[in-house]
Amino acid sequence: MNAELISLSKQFYLSVLSGGKFVSSYEDGEACILEVLRAEADAREKRAIAERMKQARLPTYKGFKEFDTDFQKCVTPEQLSKLESLEWVEAAFNLVLIGPPGTGKTHLALAIGNRAVDRGYKVFFSTMDTLMHILKTREISVKSAARVRWINKCDLVIIDEVGYLPISKTEANMFFTLISQLYETASVVITSNKGFSEWVEILGDAVLATALLDRLTHKCQVLNLEGDGWRLAHREQIF
Ligand code: ADP
Ligand code: MG
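Each residue of the sequence shown is one higher than the one before, counting from 143 in my numbering.
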């Protein structure tokens, strides 16, 4: 029997077919079954991508192709293609993108998220603010509880805009707990307008900040983005 047919029938738990001894009484029987199983596998794959895309909650589409390394010189084309390869996600490396507004942090984070969903990874994207809301309401909201369950299953968790809004002591503790849980099981991508030295201020606790950075940066790539920002350079006006 055709090897692909056997492998597909194993995927669908079809015991008779996967035993490899099935003989069709029709002339093209095997080819016909293979065609049906291929179509089914294809449709399932598409549904799985759509479902992962939904769970990932990526707000907009941004791709690597659209990222201009002539404009953002702090990211070389080599670094971009390394990021695009996602080998670092496989190795559970973290990535921290630091820089002023408009330097492409969210763009890169979204491009990574989109690529990872396509490649079969479980992804979750959220701003720090929304993430805090989810964590705080997990006990009283079914939706938040489901999101937290998904986050804990993810291969890649992207947290956008860390440090933009002040967070409370409880929130800082929840953030620390989450990073500890994800440590070594998932890749975490963080974007921030603040360097690590300012994280003590963000988290409001030096001991907590040290412990968090210790976990986050153990296997981590930091990219410092600079420049005036894309929005300013490409400002559109009504008049
Ligand atoms: P940040 O998150 O750093 O504030 P964004 O990633 O949101 O900035 O970028 C702002 C806008 O500029 C977005 O529409 C983004 O697609 C675009 N942009 C920023 N940097 C680049 C770049 N190097 N190449 C292409 N588009 C860029
Ligand atoms: Mg941003």
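Glycine included, every Cβ here is placed at the ideal spot set by N, Cα and C.
Item: Given GLU340 as reference, the closest of VAL330, THR327, PRO243 and LEU355 once Cα atoms are compared; Value: LEU355
Item: Assigned exposure category for GLU169 - 16 Cβ within 10 Å defines buried; Value: exposed
Item: Cβ contact check for the segment 237 to 250 and the segment 205 to 219: 3 or more pairs under 8 Å; Value: yes
Item: Under the three-state DSSP convention, the category PHE154 falls into; Value: coil
Item: Given ARG291 as reference, the closest of PHE266, THR312, ASP271 and VAL304 once Cα atoms are compared; Value: PHE266
Item: Check whether LEU307 and ASP271 have beta carbons under 8 Å apart; Value: yes
Item: Proximity below 8 Å, CB of ILE300 to CB of ARG289; Value: no
Item: Whether GLU226 touches ARG180 by CB criterion (8 Å); Value: no
Item: The ligand ADP site residues, beta-carbon cut 5 Å against heavy atoms; Value: PHE209, ASP210, PHE213, GLN214, PRO243, GLY244, THR245, GLY246, LYS247, THR248, HIS249 and TRP372
Item: Expected contact under 8 Å - CB spacing of PHE235 and SER329 to nearest Å; Value: 6 Å
Item: Close Cβ partners of LEU176 (< 8 Å) along its chain, the five nearest in sequence each way excluded; Value: ASN144, GLU146, LEU147 and LEU150
Item: Nearest neighbour of LYS264, chosen from ILE332, ASP370, VAL231 and ARG373 [CA to CA]; Value: VAL231
Item: C-beta atoms of LEU367 and GLY241 nearer than 8 Å; Value: yes
Item: Proximity below 8 Å, CB of LEU358 to CB of ILE321; Value: yes
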